[in-house]
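Heads up: the sequence shown begins at 376 in my numbering, then just goes up one per residue.
Reviewing the structure listed below.
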Amino acid sequence: MSNLKILLNGLIKENPTFVLFLGMCPTLATTTSGINGLSMGLSTMAVLVCTNFVISCIKKITPDMVRIPVFIVVIAAFVTILQMFMSAYAPQSINDALGIYIPLIVVNCIILGRAESFACKNSPISSIFDGLGIGLGFTMGLTILGVVRELLGAGSIFGVRLLPETCNILLFVLPPGAFISLGYLVALFNKFKKA
Numbered sequence: 376m377s378n379l380k381i382l383l384n385g386l387i388k389e390n391p392t393f394v395l396f397l398g399m400c401p402t403l404a405t406t407t408s409g410i411n412g413l414s415m416g417l418s419t420m421a422v423l424v425c426t427n428f429v430i431s432c433i434k435k436i437t438p439d440m441v442r443i444p445v446f447i448v449v450i451a452a453f454v455t456i457l458q459m460f461m462s463a464y465a466p467q468s469i470n471d472a473l474g475i476y477i478p479l480i481v482v483n484c485i486i487l488g489r490a491e492s493f494a495c496k497n498s499p500i501s502s503i504f505d506g507l508g509i510g511l512g513f514t515m516g517l518t519i520l521g522v523v524r525e526l527l528g529a530g531s532i533f534g535v536r537l538l539p540e541t542c543n544i545l546l547f548v549l550p551p552g553a554f555i556s557l558g559y560l561v562a563l564f565n566k567f568k569k570a
C-alpha cells in the first residue's frame, strides 16, 4: 500500500471519530469549542506519529510477552514530553481546557490500537504516514465537532462571534449536545462517504 493511500485511509475509510468510534472520551469531553477540538486532535496526532515510528523501529527486539507494556511505556514517554511542552508553551486557556485529557492520551485506544495493528507490522516510514493519516482524521473529527458545538452553543467559531446571544442553544456545549452533534455528523459523514 502506498504512503498516500495509508494517509488517506485514516481520513476517510478508518476515520477514528466518524467510522471506528475510537477515542470517544476526549472526543465528547474536549470539543466544547473548535480550538479545544483542534488542540486535542493535534496533541493526539503528535503522540501517535512519534509512537508509531518508535514502535516500528523496535518491533524486532520487543518480545511478544511484553509487547503491550512496552507500547504503553513508549506512549507514556511521548505523552509526558507533550504535557511538559504544553505546560511551557501552550496558552493557559488551552492547557486548562484540556487538563486531565492530555495524560489520558496514554490509554487512548487509537494510539494503542494503531501500534498493535499497524506499527508493529510495517516499516517506520509507513508507520509515520499511518500516524499522520489517523491523527489528521481524529483532528478533523474533533475540530468539526467542536466548531458545530461552539457555533450552536455559543454562537461563535474559534471565539469569533457569528450569531447573536439570543440564538445560543446551551444544550450543545453540555455533554448531551456532544452526543447529539456527533450522531448527526456521523450520519452526514456516512452519507458523503457513500456518494
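Cβ atoms here follow ideal geometry from the backbone N, Cα and C, with glycine treated the same way.
In this text the structure is predicted, and so the values were computed from the model without any measurement.
Exercise for the section: Leaving out five residues on either side along the sequence, give the residues of the same chain with a beta carbon under 6 Å from the beta carbon of Val522. Expected result: Excluding residues within five positions, the ones whose Cβ falls inside 6 Å are Gly409, Ile532.
Problem - Any non-hydrogen atom of the ligand ATP closer than 8 Å to Thr419 Cβ - result: By its list of ligands, the structure shown contains no ligand whatsoever, and the ligand ATP lies outside what it can speak to.
Exercise for the section: Determine the closest residue to Val448 out of Ala529, Pro478, Pro466, Met461, with distance taken between C-alpha atoms. Expected result: Comparing Cα-Cα distances from Val448 to each of Ala529, Pro478, Pro466, Met461, the minimum goes to Pro478.
Handout entry: Start and end residues, alpha helix (DSSP H) containing Thr405
Key = Judged by DSSP secondary structure, Thr405 falls outside any alpha helix (DSSP H); it is assigned neither H nor E.
Exercise for the section: Compare the C-alpha of Ala553 against each of Gly528, Cys542, Tyr476, Arg536 and name the closest. Expected result: Considering only alpha carbons, the answer is Gly528.
Problem - Residue range of the alpha helix (DSSP H) that includes Asp505 - result: Judged by DSSP secondary structure, Asp505 falls within the alpha helix (DSSP H) whose first and last residues are 499-529.
Practice task
Using only alpha-carbon positions, find the residue among Thr514, Leu457, Phe393 that is nearest to Asn565.
Solution key: Answer by Cα proximity: Phe393.
Exercise for the section: Express the C-alpha separation of Val454 and Val422 in angstroms, rounding to a whole number. Expected result: Cα to Cα, Val422 sits roughly 6 Å from Val454.
Problem - Spatial distance of Phe446 from Leu379 (CA atoms) - result: When rounded, the distance between both Cα atoms is 26 Å.
Practice task
Reducing DSSP to helix, strand and coil, say where Asn430 ends up.
Solution key: It is worth fixing the name first, because residue 430 is Ile in this sequence and not Asn. In the structure shown, the three-state DSSP call for Ile430 is helix.
Handout entry: Contacting residues, own chain, Cβ-Cβ under 7 Å from Thr514 (five flanking each side not counted)
Key = Same-chain partners within the cutoff: Leu413, Gly416, Leu417, Met420.
Exercise for the section: Please classify Pro391: is it buried, with 16 or more other beta-carbons within 10 angstroms of its beta-carbon, or exposed? Expected result: The residue is buried, with at least 16 neighbouring Cβ atoms inside 10 Å.
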